[in-house]
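Trainee: Below is the structure I would like to discuss, written out as structure tokens.
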Amino acid sequence: MRSILFLCVANSARSQMAEGIARSLFGDRVRVQSAGSKPSRVNPYAVEVMRELGIDVSSHTSKSVETIDPSSVDTVITLCAEEVCPVFLGEHRRLHWPLQDPASDDASLSREQILERFRTARDELRLRLSALESAST
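Here the sequence shown is numbered in the working numbering, starting from 33 and rising by one per residue.
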């Protein structure tokens, strides 16, 4: 595995956290990118829960899948659960890790409940990426 592209819709939470964790795990051995079909902005809750692990994603930006050069990717990991994932054409290894979007517009959720949703997604990504890293070495 030379490169990974993480895809979700907004490129704001799941794919940004996955990018940060993967960069931390793989270092310079693997090129890591993330993108979305409707990029927005990096979610501040994602930045906060990643900081808890000592991983800084505050300088990340949301990117469109259309800006990714297909020749720079050999593994595509889609992270959408209930929404339609972006399509990335080409001959790539494809993995699908359906994770619930931790972001929510539900005004009844407390700050701590939202953080817990982000921590759950982050921790699931960390487990899956650790397993992928072990399998690739």
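Positions of the beta carbon are idealized from the N, C-alpha and C atoms, including for glycine.
1. Figure out for me which residue from Ser166, Leu161 and Ser168 has the closest Cα to the Cα of Met49.
2. Can you tell which of Leu164, Glu156 and Phe150 has its C-alpha closest to the C-alpha of Val79?
3. DSSP three-state call for Glu65: helix, strand or coil?
4. Our contact map puts Ser104 next to Arg63 with C-beta atoms below 8 angstroms; I'd like the distance itself, whole angstroms only.
5. Could you check the C-alpha separation between Ser98 and Leu131 for me, to the nearest Å?
6. Looking only at its chain, what residues have a beta carbon closer than 6 angstroms to the beta carbon of Ala135, apart from the 5 residues adjacent to it on each side?
7. Applying the 10 Å Cβ sphere with the 16-neighbour rule, what's the burial state of Gly86?
Mentor: Answer, in terms of the structure:
1. Closest in alpha carbon position to Met49, among Ser166, Leu161 and Ser168, is Leu161.
2. The shortest C-alpha separation from Val79 is found at Phe150.
3. What sits at residue 65 in the sequence shown is Gln, not Glu. When secondary structure is reduced to three states using DSSP, Gln65 falls in the strand class.
4. Ser104 to Arg63, Cβ: 7 angstroms. Contact.
5. The sequence shown places Glu at residue 98, not Ser. The C-alpha of Glu98 lies about 22 angstroms from the C-alpha of Leu131.
6. Counting only Cβ-Cβ distances below 6 angstroms, and skipping sequence neighbours, we find Ala45 and Asn75.
7. Per the 10 Å Cβ criterion, exposed.
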